[in-house]
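All remarks here apply to the structure that follows.
Number of protein chains: 2
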Amino acid sequence: MNIKDIAKLAQVGVSTVSRVLNNHPDVKESTRQKIVEIIKESNYIPNNSARILKQNNTKNIGILVKGVFNPFFSQMTNVIGNIINENGYTMIVRQNDYNIYQEVDTLIAFIKEKRLQGVICLGGNFIDITDDSFKEINVPIVLTSVNTVSKQGKEYYSSIGIDNIKSAYDATIYLINKGHKNIALILGEANDMGVSLWRLEGYKKALEEKGIGVDNSLVVSGGYSSKGAYKETIELLKQRKDITAIFALSDIMAMGAAKAILDSGLRIPKDISIVGFDGMDESEYYNPSLTTVKQPQKLMAKMSIDLLISQINGKEGNKHTLLDTKLIERDSTTNL
Amino acid sequence: MNIKDIAKLAQVGVSTVSRVLNNHPDVKESTRQKIVEIIKESNYIPNNSARILKQNNTKNIGILVKGVFNPFFSQMTNVIGNIINENGYTMIVRQNDYNIYQEVDTLIAFIKEKRLQGVICLGGNFIDITDDSFKEINVPIVLTSVNTVSKQGKEYYSSIGIDNIKSAYDATIYLINKGHKNIALILGEANDMGVSLWRLEGYKKALEEKGIGVDNSLVVSGGYSSKGAYKETIELLKQRKDITAIFALSDIMAMGAAKAILDSGLRIPKDISIVGFDGMDESEYYNPSLTTVKQPQKLMAKMSIDLLISQINGKEGNKHTLLDTKLIERDSTTNL
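Here the protein sequences come in this chain order: E and R.
Numbers 1 to 336, taken from our numbering, label the letters of the first sequence in order.
Numbers 1 to 336, taken from our numbering, label the letters of the second sequence in order.
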């Protein structure tokens with residue numbers, strides 16, 4: 001009994017049986033059940049060596065994730081994982097939280113050791129990319145939500161992300177236009193040389209353009225957690241009674257900061273306005289619902305894996321894409 | 001130049017170089033940097049075939065995840081992933097959201113196709129386990145946070161989870177003892193035959209024991225999302241003005257339900273008390289902070305992978321462990 005026999009018995013094409021075996025969602029439920037029944041009755045086990053060889057040894061896609069405790073990346077990994085499954089590839093995940101400075105080396109070792117056909121890097125700084133970094137690597141690399149400060153070697157990899165400077169600039173201008181001047185910024189990590197750095201730049205640019213000037217004592221780091229942002233905000237509000245707005249670089253941190261504002265006996269947005277970043281579902285259901293910079297999270301994930309697979313199949317070359325963000329105004333911000 | 005030469009130059013043991021190559025955290029930072037420098041200078045690339053063979057073909061641990069959009073599982077995957085990396089294994093992730101009824105088949109195909117040395121299943125129902133399901137499988141299987149209704153074949157796999165009946169029973173008793181009688185329950189999914197089913201049983205048991213009786217119109221499904229729970233709660237509160245407490249089977253859903261209560265013009269906890277489940281960090285920073293049933297999430301993840309690796313090394317047999325949960329009382333619940 002082989003896959004052709006199953007297809008014949010089920011009166012469907014071989015490709016339909018294959019889709020069922022690979023858990024591809026694009027099969028009618030009644031057809032799926034019929035095929036599964038036939039497979040069960042026939043004791044057919046889809047583990048012939050050709051299939052194993054094909055799936056195990058030559059179709060590995062790697063995901064190198066930085067900041068694994070960030071639910072923003074977890075959700076993107078899930079979107080990517082579904083598309084990898086649908087296309088019959090194997091997803092190999094490596095977490096990269098221990099390495100801050102040798103990200104390129106880690107990536108190259110990952111590709112070689114796992115014989116990857118392609119790799120997506122979610123997050124990270126990659127400040128160490130040089131013109132030669134990926135010259136010898138002949139599989140496609142997509143850096144997603146990375147925004148490295150390095151300008152080198154761009155022809156050897158692809159990137160998909162948002163314009164972090166502009167996004168943070170727009171959110172800061174939005175608060176300034178509402179009359180706020182003393183706007184605190186909660187960064188992810190103080191030594192973050194990628195995303196946080198660009199967003200900090202956008203924040204500074206807005207303040208300087210509007211003639212407000214940057215007060216470094218208003219910039220703190222919340223470690224991308226609610227808890228970290230809560231503690232920093234409690235301290236900040238004790239020291240600085242003149243803060244009227246807080247811009248947190250993730251929704252998770254915005255929730256912690258919001259709670260700190262309330263626990264300090266202040267009101268949102270009457271006393272202090274707050275803006276988050278990411279546009280996670282939960283931000284809408286916070287009390288009050290949070291104004292936030294929405295990233296096209298699922299689109300970014302889908303474009304990354306679609307591009308990678310297209311490159312693996314030789315259909316596309318390297319490219320660099322910046323997607324738009326959108327400021328969603330909710331109940332946590334008001335005019336001063 | 002091989003790993004021994006590197007070790008000699010760095011004046012450390014081969015195992016230390018190996019730990020650096022494998023991103024093991026347990027290396028002094030100064031030693032790590034020294035080794036990395038020597039590796040860079042020597043152009044040593046750790047991709048000899050023995051290493052690839054060892055790492056790629058024989059050290060694969062699979063993670064089969066159900067409910068990939070549940071941040072609870074994402075966080076557990078991260079804990080597991082770090083320990084897999086530290087031990088020099090490769091983590092292969094497969095998502096299992098399309099299959100509700102053939103979970104055993106999916107698991108077996110996953111093990112065979114990827115030549116796994118062991119597998120952890122995060123979530124899922126596995127109602128189809130029989131005495132023969134895993135009889136022929138000679139690699140360890142750990143079902144984590146699964147709680148299958150099947151009593152069969154337990155000698156062929158391990159499980160680590162919480163006592164879902166007792167946890168839900170305790171939370172419901174807690175609300176009843178505060179004087180609540182009309183307690184709504186927000187399930188994950190209506191057709192969930194695992195975790196939700198057990199928790200529903202605990203909820204019913206508490207109500208019946210206290211002579212209150214179960215009103216099925218108070219049981220709804222929020223689809224494990226804030227959005228789903230929000231919608232269901234808005235509708236429920238329109239129809240039933242007599243509800244005084246809501247028990248949501250995840251913190252994410254509790255947030256959605258809480259927002260629905262507030263948007264319906266009611267107060268928390270003065271008009272309606274709310275209890276979540278999971279004990280995620282964010283529940284503490286909600287406004288008001290949410291009373292919740294805390295699961296030992298990280299411990300559960302760590303125990304699962306430690307057990308699996310111990311089993312792979314022949315040091316332990318199959319076992320079934322239930323961990324305790326803890327009701328954390330915060331500001332979202334009060335006496336009626």
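Built from N, CA and C at the ideal position, the CB exists for glycine as well.
Does any C-beta atom of chain E lie closer than 9 Å to the C-beta of residue i?
i      : result
R/K8   : no
R/V220 : no
R/K319 : no
R/S158 : no
R/V36  : yes
R/E329 : no
R/A184 : no
R/K227 : yes
R/Y224 : no
What's the gap between the Cα of residue i and the Cα of residue j?
i      : j      : result
E/V220 : R/G265 : 36 Å
E/G161 : E/K59  : 25 Å
R/K326 : R/A257 : 21 Å
E/S30  : E/N82  : 22 Å
R/A301 : R/G213 : 36 Å
R/D131 : R/V104 : 12 Å
R/V93  : E/S18  : 20 Å
R/I274 : R/N87  : 42 Å
E/N47  : R/E37  : With a pLDDT of 46 at E/N47, under the threshold of 50, the modelled position of this residue cannot be trusted; read the value that follows with caution. Going from the Cα of E/N47 to the Cα of R/E37 covers about 44 Å.
E/S304 : E/T77  : 11 Å
E/A50  : R/L64  : Because E/A50 sits at a pLDDT of 41, beneath the cut-off of 50, its placement in the model cannot be relied upon, and the following sentence gives the value as read from the coordinates. Looking at the two C-alpha atoms, the distance is approximately 23 Å.
R/N164 : R/A171 : 11 Å
R/G194 : R/G228 : 20 Å
R/S245 : R/H180 : Residue 245 of chain R is actually Ala in this sequence, not Ser. When rounded, the distance between both Cα atoms is 7 Å.
R/K238 : R/L218 : 12 Å
E/T233 : R/M280 : 20 Å
E/L143 : R/L175 : 49 Å
R/E208 : R/N177 : 14 Å
E/N138 : E/Q297 : 28 Å
E/N287 : E/T321 : 35 Å
Taking residue i as part of the beta strand (DSSP E), name the residues at either end of that continuous run.
i      : result
R/F339 : With chain R covering only 1 through 336, there is no way to say anything about residue 339 of chain R.
R/T321 : H320 to L323
Beta-carbon of residue i versus every beta-carbon of chain R: anything under 9 Å?
i      : result
E/L337 : Summary: the structure shown does not reach residue 337 of chain E, with chain E confined to residues 1 through 336, and so no result is reported for it.
E/G256 : yes
E/I92  : yes
E/Y285 : yes
E/L322 : no
E/L197 : no
E/Y230 : yes
E/L207 : no
E/Q95  : yes
E/L21  : yes
Grouping DSSP H, G and I as helix and E and B as strand, with all else coil, what is residue i?
i      : result
R/V219 : strand
R/M280 : coil
E/I176 : helix
R/S133 : coil
E/I127 : coil
E/N60  : strand
E/T16  : helix
R/S289 : coil
E/T233 : helix
E/L299 : helix
R/A184 : strand
E/S150 : coil
R/I160 : strand
E/S264 : coil
R/I212 : coil
R/S273 : strand
First and last residue of the alpha helix (DSSP H) that includes residue i?
i     : result
R/R94 : Run containing R/R94: none in the alpha helix (DSSP H); it sits in the beta strand (DSSP E), T90 to Q95.
R/T77 : P71 to E86
R/K66 : Element bounds for R/K66: n/a, residue is neither H nor E.
Residues within the stretch 65–90 of chain R neighbouring chain E, beta-carbon criterion of under 7 Å | Result list: V68, F69, P71, S74, Q75, N78, G81, N82, N85 and T90.
* To do: Could you list the residues in the stretch 118–144 of chain R with a C-beta less than 8 Å from some C-beta on chain E, going in chain order?
  => Of all residues in the stretch 118–144 of chain R, none has a Cβ within less than 8 Å of some Cβ in chain E.
Subject >> Short-range partners of chain R found in the stretch 244–269 of chain E, where Cβ spacing is below 8 Å >> reply: Per Cβ criterion, the list reads I252, M255, G256, A258, K259 and L262.
Next item on the list: Please name the residues in the stretch 278–307 of chain E whose beta-carbon is closer than 9 Å to at least one beta-carbon of chain R, in chain order.
Entry: Answer in chain order: D281, E282, E284, Y285, Y286, N287, P288 and S289.
Practice problem: Name, going along the chain, the residues of the stretch 100–116 of chain R whose beta-carbon falls closer than 9 Å to a beta-carbon of chain E. | Solution: Result list: Y101, Q102, D105, T106, I108, A109, K112, E113, K114 and R115.
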